[in-house]
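Start counting the sequence shown at 0; every next residue gets the next number (numbering that gives the first Met the number 0). Okay, so here's the structure we're looking at.
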Amino acid sequence: MKISKEIGYVLLAEMLILVPSVSHIVLSSRITSPMRIPLSIISAVFGFIDTFLLLYTSFKNPGRCSKCFTSEEQPAIVELGQETFSLKVCPTCKTLKDLRTHHCKVCDYCVDRLDHHCPWVANCIGRHNHRQFVLLLIFTTLHSCYLLIVNSLEMAFLDPPPGNYGGEIILIIISVVLGWSLASLLGYQLYLISKNMTTHEHRRKLFKKNPFSTTFCSNCMAFWKMTKEQYKFAQNDNKC
Ligand SMILES: [Zn+2]
Ligand SMILES: [Zn+2]
Numbered sequence: 000m001k002i003s004k005e006i007g008y009v010l011l012a013e014m015l016i017l018v019p020s021v022s023h024i025v026l027s028s029r030i031t032s033p034m035r036i037p038l039s040i041i042s043a044v045f046g047f048i049d050t051f052l053l054l055y056t057s058f059k060n061p062g063r064c065s066k067c068f069t070s071e072e073q074p075a076i077v078e079l080g081q082e083t084f085s086l087k088v089c090p091t092c093k094t095l096k097d098l099r100t101h102h103c104k105v106c107d108y109c110v111d112r113l114d115h116h117c118p119w120v121a122n123c124i125g126r127h128n129h130r131q132f133v134l135l136l137i138f139t140t141l142h143s144c145y146l147l148i149v150n151s152l153e154m155a156f157l158d159p160p161p162g163n164y165g166g167e168i169i170l171i172i173i174s175v176v177l178g179w180s181l182a183s184l185l186g187y188q189l190y191l192i193s194k195n196m197t198t199h200e201h202r203r204k205l206f207k208k209n210p211f212s213t214t215f216c217s218n219c220m221a222f223w224k225m226t227k228e229q230y231k232f233a234q235n236d237n238k239c
């Protein structure tokens, strides 16, 4: 029910991608320079890549955990590094939640390596679509920067001047607002990647000392490879 309400956010996100792209292509038709065509093609390519990543992140299974327990009383102790952690069974899904699995109240299921639930894609961001989500942030931020620069240059070099620059000014304002918001979110995600931490773990301060973090390079590699954390079971044998 909640997911269906978020379809409006997805459509809005898609409009915020496509409308500036198409508007730029229309506005740049007033330029007499031969650069008009490659600049329009770049704008269209950005719009296509952003749309693909948005839909991929939205429809991709984020890492939904399947039911593997019928009883809620089968805890397990795992060792990671020098520390031991207790695993619990989700009371709703009956799945054994490893240290990075958490229940999403919007989707109402457990997600492996849950980062957060994103209404803009109407989906959880988890182990299987987190990289695409970060790529979406990278490309939409670059897209906003591109539109900001190109529209500013076109305003300066339009020959002859069109009389008013209303369209370009609106596009520049949209690019600044979107670019700033996306860049802030991207910066936060890159910080978390460098620490091998999820948004859920960071906001809820789940660990006094992050047991997954090693070096900067290893943390980044682990993210782009989505390396599965290796636990050693200290008690019981409750692997799914
Ligand atoms: Zn659950
Ligand atoms: Zn969710």
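Note that the Cβ used here is the ideal one computed from N, Cα and C, for glycine as well.
Ranked by how close their Cα comes to the Cα of Ile168, the residues Ala182, Ser151, Leu184 have Ser151 in first place. For Val120, the shortest C-beta to heavy atom distance toward ligand 2 is 7 Å or greater. Shown in chain order are the residues whose CB sits closer than 6 Å to a heavy atom of ligand 2: Cys103, Val105, Cys106, His116, Cys123. Between Val9 and Trp119, the beta carbon gap of about 7 Å places them in contact (Cβ cut-off 8 Å). Distance from the C-beta of Tyr190 to the nearest heavy atom of ligand 1 is not below 7 Å.
Residue range 82-88 is occupied by the beta strand (DSSP E) that includes Lys87. Nearest neighbour of Thr198 by Cα position, chosen from His115, Lys227, Leu136, turns out to be His115. The criterion of a C-beta distance shorter than 8 Å is satisfied by Leu17 and Gly46.
Rounded to the nearest angstrom, the gap between the Cα atoms of Pro61 and Ile30 is 44 Å. Using a C-beta cut-off of 8 Å, the segment 126-139 makes no contact with the segment 78-92, since fewer than three inter-stretch Cβ pairs fall below that distance.
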